[in-house]
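Asker: Protein chains in written order, with numbering that gives the first Met the number 0: chain A, 0 to 232; chain B, 0 to 385.
Glycine included, C-beta positions come from ideal geometry on N, C-alpha and C.
Take this structure, written in structure tokens, and hold onto it; I'll ask about it next.
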Amino acid sequence: MEKRVKISRLFFQNERGPEGSQVALTRTILAEERLLLGSIGSSLAGAGLTRADIESAGIIVGIDSVIDKIKESYFKGVAEEGSLGASPLFFPYTSPNVLAARATIHFGIKGPDITIASGPLSFLKAVSYAYCLVSSGTVGLAVAAGVTEGISVAMLIGLDKSDLSITSVVESRVDPDLRPDVSLSMRDTFSIFQEALSVAADLPVEASDLSGNTIRIGLTFDNGVALKEEAFV
Amino acid sequence: MTRRVVITGIGLVTPLDQGKGKEAFWAGAIQGVNAVRPISLFDASDYSTDVAAEITSFGRLRLGRWQRFLDMAFDSVIIDSAIGCSSTGMDCGIILGTVLGDILGAEDPWRSGEATPLSATGLSSGAESLAKRYSLRGPVTTISTACASGTDSIGMAFRLIQTGAADLICAGGGDTLSEFAFSGFNSLNAMTRDVVRPFDKDRTGLALGEGAAFLMLEEEVHARRRGARIYCSIAGYASSADANHLTGPDREGRGLARAITAALSEAGIEMVDYINAHGTATPYNDLMETKAYKSVFGPSAYKIPISSIKSMIGHSFGAAGAIEAVTSVMAIERGMLPPTINLVTKDPECDLDYCPDTAREKLITSALSVSAGFGGQNSAIIFRCL
């Protein structure tokens, strides 16, 4: 019997988001850290899930160049002051998995924790791998998220209690001569994804970056209207 | 029905082999060669230590060093797996684990205030470059899970093949030595001043290293159909989060124990014949790791030989888990365990069998390789002979 891996509680979080105030109480270093915690927190709250419910969940976070600024800032300290300029506070924040790690600590998520750093396509790849983990039975529930400068999106992917489903994921790299002649930012992939959710069933999401990496995700909706009402941009 | 995933190729470049291939690596690992030496890649005189494990055969090359490592290891795995390359491309994917990517390409512009090349900060450029060069048509993904990146890239490839998303994926990791990383670990007082002593009561921390390694993962029927040499299978894999601290591990090793338990459960076994440890030689890691093994295996933990090749080649971040996976695969193939060098006086709390100093002959049917990293990352993967 085909398993229907479902998406629920999709939340976009930007700096103007109403849920930002919930996260403001948490001490954070990066603005995007607050955004990710906000979008995940809203998704979990919307689903009525507690820490105990998500302890064994997986979390897959796609990032682009969002932590480059802190890497540059950290190393400028070293370049200017030598060993004394190396900040033990900022250094851990130069590790690309820091955003996902902060989310695991904040929400008590102890399942598989993967950060995908495939440039603009990272968010879609995060959705793809979360689908893989749930459909294979590795986890019952996964948080799939994407973070770029100024905005984050997070959703829950599981087998039940959801509003819409993913029926298949096909990821492939196409012939460079045939690839779509378009270069996307991760923000673009958020828009494409959201548009796909709001339009129709069985709509493939397809995106490509300059190197020709292309991802396609087929989606089927059970209740797109309900989902749209929960989404915030 | 679950598809079985097998290993049909390995390729690596490490400070032990200096780019001379897997036989040179294995010879160095079995002989217990210490590759940790004074650094030549940058001036380390301002720091509290000046040692690391370098691939000195590349000299002081900085520009393109990371990609050269990746290219060399990838070329090796393509040859070793006897995958036929053609001008029309290959139905093969690549999953690369890295923490800092081409950081050396960013350091110099950051020093001088120049614009940073995109390839230097874009972690995905390494895998994309390989995909272009070999015209790979499968999934091309870069992951970054700190020092567990190499293990998780292999684990992700395992899961994708197992679930039918691909038949053939080359997975591994790579990172270079850099002042960026060196300064950071120096600021955390995490580095040794001389040698790496995993599980020793006088251990003083890790040494940084560098390198790259790849394994060719293949669906078993696909491999047998083309007559591939099969090293072993992957029997189980799991990752977990400590959800505890950004830099320090869970002191009781609970997160790592969860990952190992899940991997064992997937493999359908309760014991392994060998553990290739994370073994960084930091006080917290080695104790946490020992506790995790005792927690999972109980009294049987004392019967499992464990070794850390970081005692020889230091800690190469994204490459580490992949190099250790290659070590585990070769240990199964050759019935031989590399030693943990520099282990003179066992820590009373680290009282398991860490294979000090001398390689050991042993028939190995299953090997466990574990990784842990910043952010509370834990990964465990089990290789099993067929």
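In terms of DSSP beta bridges, what is Ala153 of chain A paired with?
Answerer: For this step, residue 153 of chain A is matched to residue 154 along the first sequence. In the DSSP output, where bridge partners are listed per residue, Ala153 of chain A has A:Phe10 and A:Ala144.
Asker: Helix, strand or coil, according to DSSP, for Ile66 of chain A in the structure here?
Answerer: Within the first sequence, the letter at position 67 stands for residue 66 of chain A. Coil at Ile66 of chain A, not helix or strand.
Asker: Taking Cβ positions, are Leu99 of chain B and Ser177 of chain B nearer each other than 9 Å?
Answerer: To locate residue 99 of chain B, count along the second sequence from 1; it is residue 100. To locate residue 177 of chain B, count along the second sequence from 1; it is residue 178. In this structure, Ser177 of chain B lies closer than 9 Å to Leu99 of chain B by Cβ.
Asker: Check each candidate in B:Ser134, B:Ala234 and B:Gly27 and name the one with the smallest Cα separation from Pro14 of chain B.
Answerer: Counting from one through the second sequence, the residue named residue 14 of chain B turns up at place 15. Per the Cα distances, B:Gly27.
Asker: Go to Ser370 of chain B, then tell me how far its alpha helix (DSSP H) extends in each direction, as first and last residue.
Answerer: Against the second sequence, residue 370 of chain B aligns to sequence position 371. Careful: Ser370 of chain B lies outside any alpha helix (DSSP H), inside the beta strand (DSSP E) at Ser365 to Gly372.
Asker: Give the residues of chain A in contact with Thr281 of chain B, contact being defined as C-beta atoms less than 7 Å apart.
Answerer: Looking up residue 281 of chain B in the second sequence gives position 282. Under the 7 Å cutoff, chain A gives no residues; its nearest Cβ is about 14 Å from Thr281 of chain B.
Asker: Using a Cβ-Cβ cutoff of less than 7 Å, which residues in the same chain neighbour Ala114 of chain B once the five nearest sequence positions on both sides are dropped?
Answerer: Indexing the second sequence from 1 puts residue 114 of chain B at position 115. Counting only Cβ-Cβ distances below 7 Å, and skipping sequence neighbours, we find Pro108.
Asker: Taking the C-alpha atoms as reference points, what is the distance between Ser121 of chain A and Asp356 of chain B?
Answerer: Along the first sequence, read from residue 1 onward, the residue named residue 121 of chain A stands at position 122. Along the second sequence, read from residue 1 onward, the residue named residue 356 of chain B stands at position 357. Looking at the two C-alpha atoms, the distance is approximately 43 Å.
Asker: Give the straight-line distance between the Cα atoms of Ile331 of chain B and Ala212 of chain B, rounded to the nearest whole angstrom.
Answerer: The residue you call residue 331 of chain B lines up with position 332 of the second sequence. The residue you call residue 212 of chain B lines up with position 213 of the second sequence. Distance between the alpha carbons of Ile331 of chain B and Ala212 of chain B: 17 Å.
Asker: Apart from the five residues on each side of it in sequence, which residues of its chain come closer than 7 Å, Cβ to Cβ, to Pro91 of chain A?
Answerer: Indexing the first sequence from 1 puts residue 91 of chain A at position 92. So the qualifying residues of the chain are Val97.
Asker: Got a sec: is the Cβ-Cβ distance from Ala23 of chain A to anything in chain B below 9 Å?
Answerer: Counting from one through the first sequence, the residue named residue 23 of chain A turns up at place 24. Confidence at Ala23 of chain A is low in this model, with a pLDDT of 49, below 50, so the placement of that residue should be treated as unreliable; the coordinate-derived value is given next. It does not: the Cβ of Ala23 of chain A has no partner Cβ on chain B nearer than 9 Å.
Asker: Tell me Phe438 of chain B's beta-bridge partners as DSSP assigns them.
Answerer: Residue 438 of chain B falls outside the range modelled here, since chain B spans only 0 to 385, and no answer is possible.
Asker: Nearest chain A C-beta to Phe213 of chain B closer than 9 Å, yes or no?
Answerer: Numbered from its first residue, the second sequence carries residue 213 of chain B at position 214. Cβ-Cβ to chain A under 9 Å: no for Phe213 of chain B.
Asker: At a CB-CB cut-off below 7 Å, which residues of chain A make contact with Pro304 of chain B?
Answerer: For the purposes of this step, residue 304 of chain B is taken as the residue at position 305 of the second sequence. Result: empty, since nearest Cβ-Cβ is about 28 Å, beyond 7 Å.
Asker: Would you verify that the beta carbon of Phe192 of chain A is, or is not, closer than 9 Å to some beta carbon of chain B?
Answerer: The count along the first sequence starts at 1 and reaches residue 192 of chain A at position 193. So no, Phe192 of chain A is outside the interface.
Asker: List the residues of chain A whose Cβ lies closer than 8 Å to the Cβ of Val98 of chain B, in chain order.
Answerer: Within the second sequence, residue 98 of chain B is the residue found at index 99, counting from 1. The contacting residues are Ser94 and Pro95.
Asker: Here's a check: name, in chain order, each residue in its chain whose Cβ is nearer than 6 Å to the Cβ of Ala126 of chain B, leaving out the five neighbours to either side.
Answerer: Counting from one through the second sequence, the residue named residue 126 of chain B turns up at place 127. Result list for Ala126 of chain B: Ile93, Leu95, Val139 and Thr141, in chain order.
Asker: Give me, in chain order, the residues of the same chain whose beta-carbon lies closer than 6 Å to that of Ile6 of chain B; leave out the 5 immediate sequence neighbours on both sides.
Answerer: Residue 6 of chain B sits at position 7 when you count from the first residue of the second sequence. Counting only Cβ-Cβ distances below 6 Å, and skipping sequence neighbours, we find Leu214, Tyr230, Cys231 and Val328.
Asker: Measuring only the C-alpha atoms, how far is Tyr353 of chain B from Arg228 of chain B?
Answerer: Here residue 353 of chain B refers to the residue found at position 354 of the second sequence. Here residue 228 of chain B refers to the residue found at position 229 of the second sequence. Cα to Cα, Tyr353 of chain B sits roughly 31 Å from Arg228 of chain B.
Asker: Go to Met215 of chain B, then tell me how far its beta strand (DSSP E) extends in each direction, as first and last residue.
Answerer: The residue given as residue 215 of chain B occupies position 216 in the second sequence. Taken as a continuous stretch (DSSP letters only), the beta strand (DSSP E) holding Met215 of chain B covers Gly210 to Glu218.
Asker: How would you list, in chain order, the residues of chain B whose beta-carbon sits under 8 Å from the beta-carbon of Phe189 of chain A?
Answerer: Here residue 189 of chain A is taken as the residue at index 190 of the first sequence, counted from 1. Simply none; closest approach about 18 Å.
Asker: Pull up the DSSP beta-bridge partners for Cys146 of chain B, would you.
Answerer: Sequence index remark: in the second sequence, residue 146 of chain B carries index 147 (1-based). Answer is B:Thr144.
Asker: Taking the Cβ atom as the reference point for each residue, do Glu251 of chain B and Ala371 of chain B lie within a distance shorter than 9 Å?
Answerer: Within the second sequence, the letter at position 252 stands for residue 251 of chain B. Within the second sequence, the letter at position 372 stands for residue 371 of chain B. Not a contact, by the Cβ cut-off of 9 Å.
Asker: Does DSSP put Arg359 of chain B in a helix, a strand or coil?
Answerer: Taking the first residue of the second sequence as position 1, residue 359 of chain B is located at position 360. Arg359 of chain B falls in the strand class under three-state DSSP.
Asker: Please identify the residue among A:Ser38, A:Tyr130 and A:Ala102 whose C-alpha is closest to the C-alpha of Gly149 of chain A.
Answerer: The residue given as residue 149 of chain A occupies position 150 in the first sequence. It is A:Ser38.
Asker: Is Asp112 of chain A close to chain B? Criterion is C-beta to C-beta, closer than 9 Å.
Answerer: Taking the first sequence and counting its residues from 1, one reaches residue 112 of chain A at position 113. Yes, its Cβ sits closer than 9 Å to a Cβ of chain B.
Asker: Which class does His105 of chain A belong to by DSSP, given the choice of helix, strand or coil?
Answerer: Position 106 of the first sequence, counted from the first residue, corresponds to residue 105 of chain A. Residue state, collapsed to three classes: helix.
Asker: Helix, strand or coil, according to DSSP, for Pro185 of chain B in the structure here?
Answerer: The residue given as residue 185 of chain B occupies position 186 in the second sequence. According to the sequence as given, residue 185 of chain B is Asn; it is not Pro. Three-state result, Asn185 of chain B: helix.
Asker: How many whole angstroms separate the CB atoms of Ser306 of chain B and Pro282 of chain B, which I take to be in contact at a CB cut-off of 8 Å?
Answerer: Counting from one through the second sequence, the residue named residue 306 of chain B turns up at place 307. Counting from one through the second sequence, the residue named residue 282 of chain B turns up at place 283. Going by Cβ atoms, the distance from Ser306 of chain B to Pro282 of chain B rounds to 19 Å, so no, they are not a contact pair.
Asker: Start and end of the alpha helix (DSSP H) containing Val4 of chain B?
Answerer: Here residue 4 of chain B is taken as the residue at index 5 of the second sequence, counted from 1. Counting along the chain, Val4 of chain B falls outside any alpha helix (DSSP H), though it belongs to the beta strand (DSSP E) covering Val4 to Val12.
Asker: So, does the stretch 217–224 of chain B touch the stretch 359–376 of chain B, judging by three or more C-beta pairs under 8 Å?
Answerer: Contact between the stretch 217–224 of chain B and the stretch 359–376 of chain B is absent, because fewer than three Cβ pairs lie under 8 Å.
Asker: Hey, which unbroken runs of the beta strand (DSSP E) at 3 residues or more fall wholly within the stretch 33–110 of chain B?
Answerer: Runs of the beta strand (DSSP E) inside the stretch 33–110 of chain B: 35–37, 50–52 and 92–96.
Asker: So, is the C-beta of Val142 of chain A closer than 9 Å to a C-beta in chain B?
Answerer: The sequence position of residue 142 of chain A within the first sequence is 143, counting from 1. No, no contact with chain B.
Asker: Less than 8 Å between the CB atoms is what I'm expecting for Ile214 of chain A and Ser127 of chain A, so what's the real figure, rounded?
Answerer: Numbered from 1 along the first sequence, position 215 holds the residue referred to as residue 214 of chain A. Numbered from 1 along the first sequence, position 128 holds the residue referred to as residue 127 of chain A. That pair is a contact at about 6 Å.
Asker: From the DSSP output, in three-state form, read off His314 of chain B for me.
Answerer: Looking up residue 314 of chain B in the second sequence gives position 315. His314 of chain B: strand per DSSP, three-state reduction.
Asker: For Glu170 of chain A and chain B, any beta-carbon pair shorter than 9 Å?
Answerer: Within the first sequence, residue 170 of chain A is the residue found at index 171, counting from 1. True, the Cβ-Cβ gap to chain B drops below 9 Å.
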